[in-house]
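*Asks:*
Numbering (UniProt numbering), first residue to last: 1 to 131.
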């Protein structure tokens, strides 16, 4: 299953939303750091399109951990980004760059991701882009 996770992150770094969606189950549950759980590939795709408008990000230092049964995985990485367009309720975007440690947790079934949970320190991000 780590091939699915690797493909997901490779698509993320390539800005390939369709490639990310190919890794997901139709009924994927997307738990974001701040906000409500999104259900389904369509909602995930809308979220990704919004994020691509507001942020350009590359993930580095990627380490993937997989449970023995292959149904759960986790990843730790560094987010290297540029804030492109002001996101509602957040500081004004002026092309600021940021670097954050982050992590994601996954559930998998039949080679597809059924759950994505992502964590990062929002206060740290705000401090970096508000400076």
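The C-beta atom is built at its ideal place from N, Cα and C for all residues, glycine as well.
What separation, rounded to the nearest whole angstrom, lies between the Cα atoms of residue 110 and residue 131?
*Replies:* Taking the straight line joining both Cα atoms gives about 45 Å.
*Asks:* Of all the beta strand (DSSP E) runs that stay within the bounds of the segment 57–100, which reach a length of 3 or more residues?
*Replies:* Segments of the beta strand (DSSP E) lying fully in the segment 57–100: 72–83.
*Asks:* Going by the beta-carbon positions, is the gap between residue 105 and residue 73 smaller than 9 Å?
*Replies:* In contact: residue 105 and residue 73 (Cβ atoms closer than 9 Å).
*Asks:* Cα separation between residue 84 and residue 90?
*Replies:* Taking the straight line from one Cα to the other gives about 12 Å.
*Asks:* List the endpoints of the continuous alpha helix (DSSP H) containing residue 46.
*Replies:* Residues 41–54.
*Asks:* Which whole-angstrom value is the C-beta distance of residue 25 and residue 92, which I expect to be below 8 Å?
*Replies:* Not really, about 37 Å apart at Cβ, beyond 8 Å.
*Asks:* Would you mind reading off the limits of the alpha helix (DSSP H) that contains residue 14?
*Replies:* Looking at the DSSP string, the run of the alpha helix (DSSP H) that includes residue 14 is 2–14.
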